[in-house]
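Chains as they are written, first to last, in my numbering: chain A, 5 to 117; chain B, 10 to 122.
Below is one structure, written out as structure tokens, with a few remarks after it.
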Amino acid sequence: GNSVTQMEGPVTLSEEAFLTINCTYTATGYPSLFWYVQYPGEGLQLLLKATKADDKGSNKGFEATYRKETTSFHLEKGSVQVSDSAVYFCALSEKAAGNKLTFGGGTRVLVKP
Amino acid sequence: DGGITQSPKYLFRKEGQNVTLSCEQNLNHDAMYWYRQDPGQGLRLIYYSQIVNDFQKGDIAEGYSVSREKKESFPLTVTSAQKNPTAFYLCASSISGGLREQYFGPGTRLTVT
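And the structure:
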């Protein structure tokens, strides 16, 4: 079956530091890939997505590139802010699975001033 | 404002009681989903519905039931058969067809004692 593995947190950074969250996946077909963000006590918000190999998703300074050869979709941001403190989830969606999302376990990021 | 609403935000029940969580969307989405989130973990799919009057079990459907009588609404009932019902429940919706992103509601935190 499908699965998503992402690095465990928490990841603690200082403001303006570079952030990378690793995400790798296993899928039988050609999935779409997503990053969602969850702020404390809230639901998930879509951060970015990529639908095919070599696509780059970007939003709010975050980027991730769909790498089929390494089955990865690592999230990066060049200069984090305190407001980026949240839990980040990598997920995949595959048509053969009825467009269901399979999530990684989430990575908590804490940015200190 | 288009979006997904879940009510209530916090819900408390005694063990042995059934409880129904509300999910309403005005995005005109055909597909709706229910996920469960436990502390420090990713999301797991409970049930999903791709069209009115039809729904399928997800990965952890035991002890839960749903209905989809209207396009806008997808209520989840947590029955007394669910062994560990205390969790954060998230509802989502998406456009059907293709690999579409899902939009999430703010969640309901259920505590059963």
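Ideal Cβ positions, reconstructed from N, Cα and C, are used throughout, including at glycine.
The model shown is predicted, which means the values in this text are computed figures rather than measured ones.
Comparing C-alpha positions only, which one of the options sits nearest to residue i?
| i | options | result |
| --- | --- | --- |
| B:L119 | B:T88, B:R77, B:G51 | B:T88 |
| B:F83 | B:L20, B:F21, B:A40 | B:A40 |
| A:T28 | A:G47, A:Q42, A:K104, A:S7 | A:S7 |
| B:S102 | B:Q65, B:G51, B:D47, B:N35 | B:N35 |
| A:L114 | A:T32, A:T16, A:Q10, A:S87 | A:T16 |
| A:K81 | A:A57, A:E20, A:E12 | A:E20 |
| B:S74 | B:G114, B:K23, B:V28 | B:V28 |
| A:T24 | A:G108, A:E67, A:P35, A:T74 | A:E67 |
| A:L51 | A:T74, A:E73, A:D88 | A:D88 |
| A:E59 | A:Q42, A:M11, A:E73 | In the sequence as displayed, the identity of residue 59 of chain A is Asp instead of Glu. When each option's Cα is compared against that of A:D59, the closest is A:E73. |
| B:E110 | A:Y43, A:M11, A:T69, A:W39 | A:W39 |
| B:Y51 | A:T9, A:V86, A:Q85, A:G5 | A small correction: the amino acid at residue 51 of chain B is Gly; Tyr does not occupy that position in the sequence shown. With distances taken between Cα atoms, B:G51 lies closest to A:T9. |
| B:Y98 | B:S105, B:K66, B:I104, B:T86 | B:T86 |
| A:F77 | A:V86, A:Y92, A:S83 | A:Y92 |
| B:A96 | B:Y57, B:Y42, B:Y112, B:V121 | B:V121 |
| A:T75 | A:K56, A:N63, A:V86 | A:K56 |
Would you call residue i buried or exposed, if buried means 16 or more other Cβ atoms sit within 10 Å of its Cβ?
| i | result |
| --- | --- |
| B:N37 | exposed |
| B:P94 | buried |
| A:G45 | exposed |
| A:E98 | buried |
| A:P117 | exposed |
| A:G33 | exposed |
| B:F21 | exposed |
| B:P48 | exposed |
| A:Y43 | exposed |
| A:G65 | exposed |
| A:G5 | exposed |
Since residue i and residue j should fall inside the 8 Å C-beta cutoff, what is the C-beta to C-beta distance between them, to a whole number of angstroms?
| i | j | result |
| --- | --- | --- |
| A:T111 | A:A95 | About 12 Å separates the two Cβ atoms, so there is no contact after all. |
| B:I69 | B:R45 | 6 Å |
| B:G72 | B:A90 | 4 Å |
| B:L30 | A:K104 | The Cβ separation is near 19 Å, so there is no contact. |
| B:Q15 | B:C32 | 5 Å |
| A:K47 | B:F113 | According to the sequence as given, residue 47 of chain A is Gly; it is not Lys. The pair is a contact, with the Cβ atoms about 4 Å apart (cut-off 8 Å). |
Taking the DSSP output, what are the residues bridged to residue i?
| i | result |
| --- | --- |
| A:K60 | A:T69 |
| B:E78 | Bridge partners of B:E78: none, in fact. |
| B:F97 | B:Q46, B:R118 |
| A:L50 | A:Y40 |
| A:A95 | A:F38, A:F107 |
| A:K81 | A:L23, A:F66 |
| B:I13 | B:Q34 |
| B:T86 | B:T29, B:S74 |
| A:T30 | A:S7 |
Would you verify that the beta carbon of residue i is, or is not, closer than 9 Å to some beta carbon of chain A?
| i | result |
| --- | --- |
| B:S105 | yes |
| B:E84 | Per the sequence shown, the amino acid found at residue 84 of chain B is Pro instead of Glu. It does not: the Cβ of B:P84 has no partner Cβ on chain A nearer than 9 Å. |
| B:R53 | yes |
| B:I13 | yes |
| B:L119 | no |
| B:E110 | yes |
| B:A101 | yes |
| B:Y57 | yes |
| B:A40 | yes |
Is there a Cβ of chain B sitting closer than 9 Å to that of residue i, yes or no?
| i | result |
| --- | --- |
| A:N103 | yes |
| A:V15 | no |
| A:S76 | no |
| A:Y92 | no |
| A:E46 | yes |
| A:S97 | yes |
| A:Y70 | no |
| A:F66 | no |
For the ligand COA, is there any heavy atom lying closer than 8 Å to the beta carbon of residue i?
| i | result |
| --- | --- |
| B:K79 | Looking for the ligand COA in the displayed structure turns up nothing, as the structure carries no ligands at all. |
Could you tell me whether any Cβ in chain D is nearer than 9 Å to the Cβ of residue i?
| i | result |
| --- | --- |
| B:R45 | Absence of chain D from the displayed structure is noted, the protein chains being A and B. |
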